[in-house]
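Trainee: All you need for the numbering used here is the position in the sequence shown, starting with 1, plus 689. Here's a structure for you.
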Amino acid sequence: MEGAQLFPTEAGAPQGGVLSPLLANVALHGLETAIETAFPTYKDRQRWQPKVVRYADDFVVLHKDREVILQAQAIASTWLQRMGLALKPSKTRIAHTRHPVEDVAGFDFLGFHIRQYPVGKYKTGTTGQGKPLGFKTHIKPSPKAQRTHLQQIKEAVRKLRAAPQAQLISTLNPLIWGWSHYYSTVVAKATFSRMDTLVFAKLRRWAQRRHPKKSAWWVSEKYWHLSEGQWTFKTEKGNALRRHADTPIRRHTKVTGARSPYDGDWIYWATRMGRHPDTSRRWAYLLKRQQGRCLWCGLYFKQGDDLVELDHIQPRSQGGDGMYTNLQLLHGHCHADKTAQQHAS
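Structural data, given as structure tokens:
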């Protein structure tokens, strides 16, 4: 569409394709701003502007007042109508994160289930002023996402019921790794353990079906190698099935403000990710290891710092090497101070 005129095309990005989310993000850019700016930032000394979180064509509006949510829904409908789009009633829901609405508390978003649970004063979160909230937010894999994942594993096991164990393992490992990695930043440890139990039951049936006349011990020893001291579904050559629970839980750190990997702030992104196209792999690794701080003065490196220098902790003149363990990044003036003190001593 250009202006108010539609130019139909015979080919395009398929729905669910790799490019589809990017195009949706481009097309719906500005929806969040339209909703948030329609409300005052503060009302009665309380923050009143709703929070809008969007990815592609999925979005959620967060606010404590139901009337604000209804107004935001009307604003979104009007904004989308100008583009020839509309909210789908079956996928639009007003929910409460603590109290059940239509017998369901919390809501699902992008495969996650977000809900708040009442807790005591020793486990509660706090406001910015230190006031207890009385609840704690838990984000978990949604029940629908769990069912879908188990169905994928079930279909793979059924399809490969006559295949060698190695082929089954090579098929299941990417499914298990990808799913558990996606949820590795939320409260998912109990879910991972439950998934492993259900996968074990499917594999147990798969193995017993192949050897109906053998004992349970014989089947377990052949495919899980109990004599080695643990239940591990693996081949004789050691090719093992990955467990969901083997994936460590690492909390996600939100990107600050409106930063973008293309904003030129290589210090921030190299510190966050350990890599950046505008800096060397060595510097990016050291920034990530030092968490963006100068190890001499303890202050953070900032975009626009005139000079950041690579320093050998033990100088080469005193036998120091170029290994990572002997390297650090310092402000230029901190590097000069360190060098002066070493020469003075």
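Glycine residues also receive a C-beta, built at the ideal position from the N, C-alpha and C atoms.
Note the first and the last residue of the continuous alpha helix (DSSP H) segment covering T960.
Mentor: Taking the sequence shown and counting its residues from 1, one reaches residue 960 at position 271. First-last of the alpha helix (DSSP H) with T960: W955 to M962.
Trainee: Alpha carbon to alpha carbon, how far is Q694 from R755?
Mentor: Counted from its first residue, the sequence shown places residue 694 at position 5. Counted from its first residue, the sequence shown places residue 755 at position 66. A straight-line Cα-Cα distance of about 37 Å links Q694 and R755.
Trainee: Determine, using beta-carbon pairs with one atom in the segment 869-884 and one in the segment 937-949, whether at least three such pairs fall under 8 Å.
Mentor: yes
Trainee: Please list, in chain order, all residues of the same chain as S869 whose beta carbon is under 7 Å from its beta carbon, the five residues on each side excluded.
Mentor: One-based indexing of the sequence shown puts residue 869 at position 180. Answer for S869: F881, H933 and T936, listed in chain order.
Trainee: So who's on the other strand from H1020, going by DSSP bridges?
Mentor: Translated into positions along the sequence shown, residue 1020 becomes position 331. Beta-bridge pairing links H1020 to V997.
Trainee: According to DSSP, what are the bridge partners of I803?
Mentor: The count along the sequence shown starts at 1 and reaches residue 803 at position 114. Answer is F796 and I828, bridged to I803.
Trainee: For N714 and V741, I'd like the C-alpha separation in whole angstroms.
Mentor: For the purposes of this step, residue 714 is taken as residue 25 along the sequence shown, with counting starting at 1. For the purposes of this step, residue 741 is taken as residue 52 along the sequence shown, with counting starting at 1. Using only the alpha carbons, I get a separation of about 14 Å.
Trainee: For F889, name the three-state secondary structure that DSSP assigns.
Mentor: As a position in the sequence shown, residue 889 is number 200, starting the count at 1. In this structure, F889 counts as helix in the three-state DSSP scheme.
Trainee: If you run the structure through DSSP and keep just helix, strand and coil, what is Y1013?
Mentor: Residue 1013 sits at position 324 when you count from the first residue of the sequence shown. In this structure, Y1013 counts as helix in the three-state DSSP scheme.
Trainee: Going by DSSP in three states, V715 sits in which element: helix, strand or coil?
Mentor: Numbered from 1 along the sequence shown, position 26 holds the residue referred to as residue 715. Three-state DSSP puts V715 in a helix.
Trainee: By Cβ distance, which residues of its chain are closer than 6 Å to T1090, with the 5 residues on each side in sequence left out?
Mentor: Shown here, the chain extends from 690 to 1034; a query on residue 1090 therefore has no answer.
Trainee: Going by CA-CA distance only, name the one from R804, F798, K777 and P778 that's closest to V790.
Mentor: The count along the sequence shown starts at 1 and reaches residue 790 at position 101. Check the Cα spacing between V790 and each of R804, F798, K777 and P778: the tightest is with R804.
Trainee: Suppose the cutoff is 7 Å on Cβ atoms and the five residues either side in sequence are ignored; what does the same chain contact list for W955 look like?
Mentor: Locating residue 955 in the sequence shown gives position 266, counting from the first residue. Cβ neighbours of W955 beyond the five flanking positions: H965, D967 and T968.
Trainee: For R850, tell me which candidate among P863, P830 and L892 has the shortest Cα-Cα distance.
Mentor: Residue mapping note: residue 850 aligns to position 161 of the sequence shown, counting from 1. For the residues P863, P830 and L892, the minimum Cα distance to R850 belongs to L892.
Trainee: Of the residues S904, P729 and A723, which one's Cα is nearest the Cα of W768?
Mentor: Stepping through the sequence shown from its first residue, residue 768 is reached at position 79. Checked all of S904, P729 and A723; the closest Cα to W768 is A723.
Trainee: Taking C-alpha atoms, which residue in Q760, L708 and T813 lies nearest to E725?
Mentor: For the purposes of this step, residue 725 is identified with residue 36 of the sequence shown, where counting begins at 1. Selected option, being the one with the closest Cα: Q760.
Trainee: Using 8 Å for Cβ pairs, my map puts Q1003 next to N1015. What's the rounded Cβ distance?
Mentor: Taking the first residue of the sequence shown as 1, we reach residue 1003 at position 314. Taking the first residue of the sequence shown as 1, we reach residue 1015 at position 326. Contact flag correct, Cβ pair sits at about 6 Å.
Trainee: With a CB to CB cut of under 8 Å and the five nearest residues on each side skipped, what residues in its chain are close to S766?
Mentor: For this step, residue 766 is matched to residue 77 along the sequence shown. Excluding sequence neighbours, S766 sits near A775 and L776.
Trainee: So what does DSSP say about K810, is it helix, strand or coil?
Mentor: Locating residue 810 in the sequence shown gives position 121, where the first residue counts as 1. In this structure, K810 counts as coil in the three-state DSSP scheme.
Trainee: Please identify the residue among A794, P853, W906 and A784 whose C-alpha is closest to the C-alpha of H752.
Mentor: Along the sequence shown, read from residue 1 onward, the residue named residue 752 stands at position 63. Nearest Cα to H752 within the set A794, P853, W906 and A784: A784.
Trainee: Please go through the same chain and pick out, in chain order, the residues whose beta-carbon is closer than 6 Å to the beta-carbon of A983, but skip the five residues on each side of it.
Mentor: As a working mapping, residue 983 is identified with position 294 in the sequence shown. Residue identity differs from the one stated: residue 983 is Cys in this sequence, not Ala. Answer for C983: L1019, H1020 and C1023, listed in chain order.
Trainee: Buried or exposed for E957, going by 16 or more other Cβ atoms inside 10 Å?
Mentor: Working through the sequence shown from its first residue, we reach residue 957 at position 268. Correcting the residue identity first, residue 957 is Tyr in this sequence and not Glu. Burial call: buried.
Trainee: Note down the Cα distance separating A745 from S709, rounded to an integer number of angstroms.
Mentor: Start at 1 with the first residue of the sequence shown, and residue 745 comes out as number 56. Start at 1 with the first residue of the sequence shown, and residue 709 comes out as number 20. Approximately 8 Å between the Cα atoms of the pair.
Trainee: How do the segment 893-906 and the segment 971-980 stand: do at least 3 beta-carbon pairs fall below 8 Å, yes or no?
Mentor: Flag = no, the segment 893-906 and the segment 971-980 do not touch.
Trainee: Do you know offhand how far F668's Cα is from Q762's?
Mentor: Within the shown structure, residues of the chain are numbered from 690 to 1034, placing residue 668 beyond reach of any answer.
Trainee: Going by the DSSP bridge assignment, what does K740 pair with across the sheet?
Mentor: Mapped onto the sequence shown, residue 740 falls at position 51. K740 is bridged to L751.
Trainee: Among L720, R743, F748 and I758, which one has its Cα closest to the Cα of W737?
Mentor: Taking the first residue of the sequence shown as position 1, residue 737 is located at position 48. Nearest C-alpha to W737: I758.
Trainee: With burial defined as no fewer than 16 other Cβ atoms inside 10 Å of the residue's Cβ, what is the status of L799: buried or exposed?
Mentor: As a first step, residue 799 is located in the sequence shown; it is residue number 110 there, counting from the start. Exposed is the call here.
Trainee: How big is the Cα-Cα spacing for D1026 and K943?
Mentor: For the purposes of this step, residue 1026 is taken as the residue at position 337 of the sequence shown. For the purposes of this step, residue 943 is taken as the residue at position 254 of the sequence shown. If you take the alpha carbons of D1026 and K943, they lie about 35 Å apart.
Trainee: Can you tell me where the alpha helix (DSSP H) holding K977 begins and where it ends?
Mentor: Here residue 977 is taken as the residue at index 288 of the sequence shown, counted from 1. For K977, the uninterrupted alpha helix (DSSP H) run begins and ends at R970 to R978, by DSSP.
Trainee: Quick check: S831 and F796, are their CB atoms within less than 7 Å of each other?
Mentor: Position 142 of the sequence shown, counted from the start, is the residue given in the question as residue 831. Position 107 of the sequence shown, counted from the start, is the residue given in the question as residue 796. No, Cβ-Cβ distance for S831 and F796 is not below 7 Å.
Trainee: Can you name the residues that DSSP bridges to R982?
Mentor: By one-based count along the sequence shown, residue 982 stands at place 293. In the DSSP secondary-structure assignment, R982 is bridged to Y989.
Trainee: Does P778 pass the burial test, meaning 16 or more other C-beta atoms within 10 Å, or should it be called exposed?
Mentor: Stepping through the sequence shown from its first residue, residue 778 is reached at position 89. Under the 10 Å beta carbon count, P778 is surrounded by fewer than 16 other beta carbons and is classified as exposed.
Trainee: Excluding five sequence neighbours on each side, which residues of the same chain lie with their C-beta closer than 7 Å to the C-beta of W920?
Mentor: If you number the sequence shown from 1, residue 920 lands on position 231. Once the five neighbours on either side are set aside, the close Cβ partners of W920 are W913.
Trainee: Quick one: Cα of A716 to Cα of F922, how far?
Mentor: Numbered from its first residue, the sequence shown carries residue 716 at position 27. Numbered from its first residue, the sequence shown carries residue 922 at position 233. C-alpha separation (whole angstroms): 47 Å.
Trainee: Starting from the C-beta of L861, find all residues in its chain whose C-beta is less than 7 Å away, skip the five residues before and the five after it, and write them out in chain order.
Mentor: For the purposes of this step, residue 861 is identified with residue 172 of the sequence shown, where counting begins at 1. The answer, listed in chain order, is I842, A845 and L930.
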